[in-house]
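Okay, so here's the structure we're looking at.
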Amino acid sequence: MSTSKPYAPTLAGEPLAERAANESLPLAPRLLRYVMAGGAAAALLAGIEWIDASLRLSPVFASIGERLIFTIYFSLNILSGALIGLAVGAAFIAGNALQDKLARLAGRGAVAWPHRLIAALFVCGLFAFALNQQWYAHRFAISLIREAEKIEPLNVPLLNHERAASYLILLAFVILAAILGWLARAAARFPAWLKFAVIAALALFAGLAYYTDARAEPLLYEHSLHQLMFVLATAAMMTLAAVAYSSLPRLQAFWSGLRPGLRRRITIAGLVVFIAAVLFTFIYFDRNQNLKVQIFSRTVQAKKHVQLIQWAMDFDRDGYSALLGGGDLNDSRADINPGQTEIVADGTDNNCMGGDLTYKDLEQWQRDRQFYHVGWRPDARRLNIIYVFIDALRPDHLGAYGYAKPTSPNLDKLAAHGTVFENAFTPAPNTFEALPKFMQCNYWDAHGPSWTEVLALNNYNAIVFPRRIVTLLRHVKGMTVAPHSPDGTFAGSIDTALDLLGKAPADRPFAAYLYATDPHRPYRQHEGFDFGATDTDHYDSEVAYDDHQLGRLFDWMEQAGRMKDTMIVIMADHGESLGERGVHKHSSQLYNEQARIPMIIYVPDVAPRRVSAYVSSIDLGATIINAVGLDKDSGWSQGLAGISLLPLMRDEASAHPPIYAEQTTEEDSPFLPPEKNLVPNGKKYMVVTQDGFKLIYNRDYYAFELFNLRDDPREERNLYDSLTKKAAEMRALLGRYIDMVQTSRPADADETQYRFGPTRGHEEGDSHTGTDD
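Counting with numbering that gives the first Met the number 0, you get residues 0 to 772 for the letters of the sequence shown.
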C-alpha cells in the first residue's frame with residue numbers, strides 16, 4: 000500500500016505546500032540542492048561516457064596509468080556540472096521569486112492559477128530575452144537556425160527572420176527548463192509507478208541525447224547539433240538526479256541516520272579526493288598530448304566541460320585560456336592567442352606558434368622552395384595529357400594499393416605500367432580548399448595562373464568535361480568546356496570524351512580534364528558492382544563503377560595508339576573516412592583516411608615504379624609542365640611550393656620538401672557573407688617529413704599529435720610527449736608554415752567557399768548532391 004502524500008500539483012508550479020517549504024529554506028541550502036543535482040548529473044553522464052570511451056579508445060591508451068589519468072580528468076565534469084547547477088539554481092530561484100511577485104500583482108493579492116501561469120510565461124519570455132543578449136547563448140540559437148536553413152522549405156523564412164527565430168528557440172528552451180524544474184519538485188508526490196516511469200523516460204532521453212552526441216559526426220556541427228545534445232542530456236540527467244533523490248526516502252534516511260561525525264568525515268574525504276583530482280587535472284592536462292587529444296576528439300561530455308571551464312578562465316575573453324592547455328601565451332592581451340593571424344616583425348608571437356615571423360623568415364621560405372625545383376628537360380616532348388580527378392577516393396580501396404576487393408582492375412592495369420606514389424597527400428581534406436591549391440601548385444590560393452592556363456597558352460587543345468562545373472571553373476581556367484552529358488553521369492562524360500578526343504587534330508596536343516564525383520557521399524550501389532549492403536560496400540561500388548568507365552577510355556587509347564604519346568594522371572582531391580574514429584565523410588580530419596590520396600602517373604617511356612617518398616597533390620602542375628617541357632618557356636613552376644615529381648618517377652637523385660596541409664571546419668550559413676558568421680572557423684594543420692613522421696596541430700584545442708607513419712600507419716600511438724626533440728623540430732616547421740599561410744594568403748582567397756545553389760550537383764547535371772566537400 001502506497002504511503003505517498005496525495006498528488007496535488009498546480010498548473011504553474013509544484014504543490015503549494017511543498018513550494019512554501021522549499022522557499023522557507025535559506026538561500027545557501029537551496030542553491031546547494033541545485034549544485035548537487037548538477038554535479039550528480041555530470042557524474043552519471045561521465046560514467047556512461049567513461050565506459051563508452053574506454054572501450055573505443057583501448058588502442059590509444061599507452062598504459063594502465065594513462066587509463067587512470069583519463070579517469071581522473073572526468074573530475075572536471077563534476078566541477079563543471081556543479082557550476083552549471085549553481086547557475087541554473089540561481090536562475091530558478093530568481094525566476095520563482097519574480098513569478099510570485101508578478102502573480103500577486105496580477106491577482107491583487109488573490110493569486111489563482113491563471114495569474115501564476117501568466118506570470119510564469121512572462122518570466123520565461125524575460126529570461127529568453129536576456130539569454131539572447133548573451134553572446135554564447137545567441138550563437139547557439141543562431142547555429143541551430145543555420146543548420147535548419149539547409150532544409151529547403153525553411154530556408155527563406157529563417158533567413159528573413161533569424162533574430163525572431165533565435166528568441167523563439169531560446170524561449171522554448173527556457174519553458175522546457177521550467178517544466179523540468181516543476182517535474183523535479185513535483186515528482187516526490189507522484190505515485191510509485193509514475194515516479195518509475197518518469198525516471199525511466201528521463202534516463203532514456205538522456206541516453207539517446209548522449210548517443211546522438213557521441214556518434215553523429217563528433218568533429219562536425221559542434222556549435223549546433225552537439226551543443227544541443229549536450230544541453231538536452233545535461234537537463235534530462237539533472238532532472239533525473241533530482242527526481243531519483245526525492246523519490247528514495249530510504250537513501251535520504253540512511254544518510255541522515257549516520258552519525259554527524261561520520262557524515263562529516265565522509266564529506267571531507269570525498270571533497271579531498273575530488274579537489275586533488277581537479278588540481279591534478281589542471282596541472283597535468285597539457286603534459287599528456289595523447290590524452291588531451293582524446294578528450295577533445297573522442298569524448299563529447301568531457302570535452303564540453305573542459306571547454307566550459309576554459310571559457311570561464313579566459314580572462315581576456317579572446318576565446319582561448321592560458322589554463323588547462325588552452326594555448327594562450329598572454330591572457331591579458333586579446334591580440335595574442337592561437338587564433339590570431341601572425342603579423343610580420345612586430346616582435347610578438349601573435350598566434351602562439353612558431354615565434355615572431357620576420358622578413359628574413361619570409362625570404363628563407365622562398366629560398367627553401369627554390370632549392371627543390373628541377374631544371375627543364377631537353378628530352379621532353381609535347382605529350383597529350385589526360386587528368387582524371389576522382390572526388391573522395393581513398394588509395395587503400397584500390398588494388399594497386401593493396402585492397403583485396405576487385406574494385407579497380409583498370410586502374411591497377413594502368414598502375415602496373417606507370418608510377419604509383421604510395422604516400423601522396425592532399426593540402427586540404429575538402430574540395431573547395433584542395434582544388435585551388437593543386438591547380439596553382441601552392442599551399443594557398445595565391446591568385447596565380449593554374450597549370451591548365453599554362454597548357455592552353457602553349458597551344459594545347461585543353462578541354463574540361465563538366466560535373467559540378469561551377470565549382471571547377473573557379474579554378475580550372477583556360478580550358479574549353481565540353482558539352483554536358485545528357486544524363487549527368489561519369490559514363491556520359493566518358494562518352495563525350497571519346498567523341499571529342501577521337502576527333503582531336505593530330506598536329507595539336509590535347510589536355511583532357513575529367514572529374515568523377517561518384518565516390519563522394521552519398522554512396523549508392525551500381526548495377527553490376529555489388530560488394531554488399533554496408534556504406535563501405537556501396538563506396539566500393541562507386542569506385543568500381545568509375546574504374547569501369549575509365550577502362551573504356553583506356554581501351555580506346557590502346558586501340559588508337561594514344562598510350563604512346565599521352566601522359567595520364569589519376570588523382571583524388573582528398574580521402575574519405577568510413578567509420579574510423581567514429582567519423583564518416585571528410586572535411587574534418589588530417590588523419591590518413593582523409594589526408595592520404597591515390598596518385599598514379601603514367602608517362603610513356605618512363606619505367607614502372609613505386610615511389611615511397613612523401614609527396615603532395617600541389618606537385619601536380621609542376622610535374623605536368625616539367626614532363627612536357629613547358630617550364631623552359633613559361634617559367635611558371637619556379638618559386639612555387641609544388642615541385643616536379645619526374646625525377647622520382649625516373650629514379651633519379653632528388654629530394655622533396657616536407658608536406659603540409661590544413662583543414663578548415665565551417666559551420667555558418669552557406670547563404671550569408673563571411674562577415675555575418677558567428678562561429679569561428681575550426682583549424683587543424685599538418686606536416687609530414689621524409690623520414691615518415693607526421694605532426695598534426697589542432698589550433699582550437701592547442702593539441703598536438705606526432706605519429707611515425709612507417710611503424711604506425713593507422714596513427715594510433717601519439718609520440719609527441721615521448722619524442723620531445725623530434726616534436727620540437729616538427730613543431731618549428733609547422734609553426735613557420737602557419738605563419739607563411741597567414742601572411743601570404745590574399746584576403747579574398749577563394750578556397751573556403753561553401754555555398755549551396757550553384758555548387759549543388761543536381762543543378763549541374765551531377766547526380767550527387769553531397770555538399771560537405
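Just so you know, even glycine gets a beta-carbon here, dropped at the ideal spot from N, CA and C.
This structure is a prediction, so every number in the text was calculated from the model and none was measured.
- Query: Met312 to Asn329, Cα distance in whole Å?
  - Reply: 13 Å
- With a Cβ-Cβ cutoff of 8 Å, do Pro435 and Ser615 count as a contact? no
- Proximity winner among Leu629, Ala391, Tyr358, relative to Asn458 (alpha-carbon distances): Leu629
- When you compare each of Leu85, Arg297, Tyr402, Val292 to Ala215 by their alpha carbons, which one comes out closest? Arg297
- Message: Helix, strand or coil, according to DSSP, for Phe281 in the structure here?
- Response: helix
- Query: What span of residues does the alpha helix (DSSP H) with Met236 cover, start to end?
  - Reply: 226-245
- Is the Cβ-Cβ distance between Thr663 and Leu645 less than 8 Å? no
- Message: Given this structure, state the Cα-to-Cα distance separating Gly37 from Val87, to the nearest angstrom.
- Response: 9 Å
- Could you check the C-alpha separation between Leu677 and Ala510 for me, to the nearest Å? 43 Å
- Item | Span of the beta strand (DSSP E) around Val686 | 681-687
- Please report how far the alpha carbon of Ala276 lies from the alpha carbon of Ile71, in whole angstroms. 6 Å
- Query: Between which two residues does the alpha helix (DSSP H) harbouring Met556 extend?
  - Reply: 534-559
- Strand pairing of Met570, partner residues [DSSP]: Phe388, Met598
- Task: Evaluate Val292 with the Cβ neighbour count: other Cβ atoms within 10 Å of its Cβ, from every protein chain shown; 16 or more gives buried, anything less gives exposed.
- Result: buried
- CA nearest to the CA of Thr688, picked from Ala321, Asn707, Ser587: Asn707
- Given a threshold of 16 other Cβ atoms within 10 Å of its Cβ, counted over all protein chains shown, does Ile267 qualify as buried or as exposed? exposed
- Message: Buried or exposed for Gln369, going by 16 or more other Cβ atoms inside 10 Å?
- Response: exposed
- Query: From Ala503 to Leu157, what distance separates their C-alpha atoms?
  - Reply: 51 Å
- Task: Would you identify the three-state DSSP class for Ser797, choosing helix, strand or coil?
- Result: This structure does not reach residue 797, given that the chain is present from 0 up to 772, and the question cannot be answered.
- Going by DSSP, which residues form a beta bridge with Tyr514? Phe388
- Compute the Euclidean distance between the alpha carbons of Val373 and Arg507, then round it to the nearest angstrom. 27 Å
- Task: Following the continuous beta strand (DSSP E) through Ile658, name the residue where it begins and the one where it ends.
- Result: 658-664
- Query: Is the number of C-beta pairs between the region 123-138 and the region 657-676 that are closer than 8 Å three or more?
  - Reply: no
- Message: Taking 8 Å as the cut-off, does the region 183-198 touch the region 238-253 (at least 3 CB pairs, one atom from each stretch)?
- Response: yes
- Assign Val272 to buried or exposed, taking buried as 16 or more other Cβ atoms, counted over all protein chains shown, within 10 Å of its Cβ. exposed
- What distance in whole Å lies between the Cβ atoms of Leu85 and Val34, which are believed to be in contact at a cut-off of 8 Å? 5 Å
- Query: What's the C-alpha gap between Met237 and Gln339?
  - Reply: 38 Å
- Task: Determine, using beta carbons only, whether Ile63 comes closer than 8 Å to chain D.
- Result: Within the model displayed, chain D is absent; a lone protein chain is all it includes.
- Message: If I follow the unbroken beta strand (DSSP E) through Thr495, where does it start and stop?
- Response: It is not in any beta strand (DSSP E) - Thr495 instead sits in the alpha helix (DSSP H) that spans 489-501.
- Look up Lys693 in the DSSP assignment and say whether it is helix, strand or coil. strand
- In terms of alpha-carbon separation, which member of Phe172, Leu239, Ala171 lies closest to Ala199? Leu239
- Query: From what residue to what residue does the beta strand (DSSP E) around Ile462 run?
  - Reply: 460-464
- Item | Backbone CA spacing between Leu499 and Tyr700 [nearest angstrom] | 51 Å
- Task: Can you check the region 382-426 for any alpha helix (DSSP H) of at least 4 residues that lies completely inside it and give the ranges in chain order?
- Result: 408-416
- Task: If I'm right that Glu661 touches Val740 with Cβ under 8 Å, what's the distance once you round it to whole angstroms?
- Result: 7 Å
- Task: For the region 67-115, list the alpha helix (DSSP H) runs that are entirely contained and at least 4 residues long, ordered along the chain.
- Result: 74-106
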